[in-house]
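A.B. asks: Numbering (the working numbering), first residue to last: 19 to 251.
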């Protein structure tokens with residue numbers, strides 16, 4: 019802090035409360051009544067000075083105040099802290115004047131790494147801590163796109179591919195089931211009714227899922243015996 023009789027300069031990070039102090043002294047012979055006249059909303063005067071404060075001749079008192087930087091823009095802001103001073107004994111007849119104290123505040127961006135503990139945060143133009151351009155916010159943390167792709171998107175992609183494969187395989191099996199005849203569902207008469215004969219098998223009448231169908235039963239070829247000979251007569 020730097021201060022003299024006419025100005026005070028404060029500097030700090032956005033979001034911090036900066037404390038300052040002004041000192042008013044009465045070097046004259048009159049007792050003075052001091053009243054705050056112009057105070058901005060982001061400046062909070064301490065309880066030392068009330069609505070009206072009497073400052074006797076030869077005395078001084080300090081006026082502590084706080085600066086709420088959260089309500090200020092980044093950069094330098096200035097304001098005049100004004101007090102009305104008049105003769106405390108004869109307010110309507112003698113001394114009556116205003117004095118102003120220039121207060122300048124330089125608001126710096128937050129050190130978001132220190133404030134949040136997140137290496138991927140930086141201050142925006144309003145001084146708020148946001149994720150850097152190479153990261154996205156997930157929950158209350160900033161996650162880089164490379165990590166997001168590696169640990170989130172790739173597993174989701176694999177799950178999606180597996181789900182797609184299982185769906186296609188299910189549809190294929192359903193399509194094949196139309197042409198695949200299950201022998202357990204074939205019902206024959208007892209004895210089976212023969213409706214046709216061929217060189218290599220018989221054609222039997224059966225019922226499959228409520229519909230009459232023809233089933234060809236192949237007759238296996240007869241094996242020749244070892245001592246059986248072939249020849250011509």
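We put the CB at the ideal spot given by N, CA and C, even for glycine.
If you follow the beta strand (DSSP E) that residue 234 is part of, which residue opens it and which one closes it?
C.D. replies: That run of the beta strand (DSSP E) goes 229 to 236.
A.B. asks: How would you label residue 180, buried or exposed, when you count the other beta carbons within 10 angstroms and need 16 or more for buried?
C.D. replies: Exposed: under 16 other Cβ atoms inside 10 Å.
A.B. asks: Between the Cα of residue 203 and the Cα atoms of 231, 189, 93, which residue gives the shortest distance?
C.D. replies: It is 231.
A.B. asks: Taking the C-alpha atoms as reference points, what is the distance between residue 217 and residue 228?
C.D. replies: Those two C-alpha atoms are separated by around 29 Å.
A.B. asks: Given a threshold of 16 other Cβ atoms within 10 Å of its Cβ, counted over all protein chains shown, does residue 32 qualify as buried or as exposed?
C.D. replies: The residue is buried, with at least 16 neighbouring Cβ atoms inside 10 Å.
A.B. asks: On the three-state DSSP scale, how would you describe residue 10?
C.D. replies: With the chain represented from 19 up to 251, any question about residue 10 goes unanswered, as that position is not in the structure.
A.B. asks: If you compare alpha carbons, which of 48, 94, 102, 190 is closest to residue 76?
C.D. replies: When only C-alpha atoms are compared, the closest one is 48.
A.B. asks: Name the DSSP bridge partner or partners of residue 214?
C.D. replies: BP columns for residue 214 point to 221.
A.B. asks: Tell me whether residue 128 sits in a helix, a strand or coil according to DSSP, three-state version.
C.D. replies: Three-state result, residue 128: coil.
A.B. asks: Within 7 Å (strictly less), CB to CB, does residue 210 reach chain B?
C.D. replies: In the structure shown, chain B cannot be found, because there is only a single protein chain.
A.B. asks: Which one of 171, 168, 147 has the shortest CA to CA distance from residue 160?
C.D. replies: Cα-wise, what sits closest to residue 160 is 147.
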